[in-house]
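Residue numbers (the numbering used here): 6 to 236. Cβ atoms here follow ideal geometry from the backbone N, Cα and C, with glycine treated the same way. Quick caveat, the model's predicted, so the values are computed rather than measured. To keep things clear, I will list the structure first and then write my remarks on it.
Structure follows, in structure tokens:
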């Protein structure tokens with residue numbers, strides 16, 4: 006079944022972290038790209054300035070260091086290592102175009118706004134490139150590799166309707182919640198809950214419209230007294 010969220014799929018993961026090294030970012034990024042390669046046949050990735058993401062770990066760590074956050078409160082903007090790194094990578098295969106955005110390495114968790122997160126934007130180039138099984142595999146990969154606090158898989162319609170950003174637990178066709186954040190003991194009618202990678206994956210039917218997903222997921226979060234990621 007083709008998910009209603011196609012042709013654009015947005016996965017976002019947030020975690021409570023601090024001080025991840027460039028080498029840590031490289032290792033986790035490579036593990037994630039390996040999963041995306043196997044799912045979508047993407048062999049080559051490039052940074053925003055068209056550098057190839059390839060080579061030894063030390064070389065890739067230097068690329069990460071070059072993405073240090075720039076504080077534009079100054080003129081000209083100044084590097085701000087305390088705020089971490091912002092690595093963007095793009096890749097394209099025969100069926101999809103993907104952009105991966107990683108924010109990590111900040112000295113703190115981020116205060117009111119999380120500074121440690123991953124976003125994967127997937128645009129279908131051929132109909133049916135992304136299906137429910139693909140989404141499930143992506144959730145499992147992200148939950149296993151990054152050990153985040155929460156993961157959501159949505160589209161722009163759900164994001165606009167739900168309006169749950171920052172530390173709010175996200176709403177999507179899939180929402181994964183770490184057991185460290187809270188337990189999921191009940192779900193709204195039509196949803197399913199599955200134990201996965203140290204947390205719970207809540208799934209909505211792939212053919213539901215965005216409005217129905219938002220209502221059911223919101224009801225589920227409220228029933229389990231889940232709202233924000235503790236930070």
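Sequence-distant residues of its chain with Cβ nearer than 6 Å to residue i (five each side left out)
i, result
"residue 95", "51 and 104"
Nonlocal neighbours in the same chain, by C-beta distance under 8 Å from residue i, ignoring five residues either side
i, result
"residue 184", "203, 204 and 205"
"residue 166", "215, 216 and 219"
"residue 229", "187, 188, 189, 190 and 191"
"residue 222", "167, 176, 177, 180, 193, 196, 207 and 209"
Terminal residues of the beta strand (DSSP E) in which residue i lies
i, result
"residue 15", "13 to 19"
"residue 122", "122 to 129"
"residue 194", "Careful: residue 194 lies outside any beta strand (DSSP E) and carries neither H nor E."
Residue i (DSSP reduced to helix, strand or coil)
i, result
"residue 234", "coil"
"residue 214", "coil"
"residue 159", "strand"
"residue 34", "helix"
"residue 40", "helix"
"residue 60", "coil"
"residue 137", "helix"
"residue 237", "No information on residue 237 is available, as it lies outside the stretch 6 to 236 that the chain covers here."
"residue 99", "coil"
"residue 226", "helix"
"residue 113", "coil"
Where residue i falls, given that 16 or more other Cβ within 10 Å makes a residue buried
i, result
"residue 149", "exposed"
"residue 131", "exposed"
"residue 25", "buried"
"residue 211", "buried"
"residue 169", "buried"
"residue 115", "buried"
First through last residue of the alpha helix (DSSP H) which encompasses residue i
i, result
"residue 72", "Looking at the DSSP string, residue 72 is not in any alpha helix (DSSP H), and its letter there is neither H nor E."
Neighbourhood of residue i by C-beta distance below 7 Å, restricted to the same chain and skipping five residues each side
i, result
"residue 128", "12, 13, 101 and 102"
"residue 234", "19, 21, 154, 155, 172, 174 and 186"
Residue i Cβ short of 6 Å to the ligand MN heavy atom set
i, result
"residue 48", "For the ligand MN, the structure offers nothing, since it holds no ligand at all."
Counting Cβ pairs closer than 8 Å, one from the segment 43 to 63 and one from the segment 147 to 161, do we hit at least three?
-> These segments do not touch.
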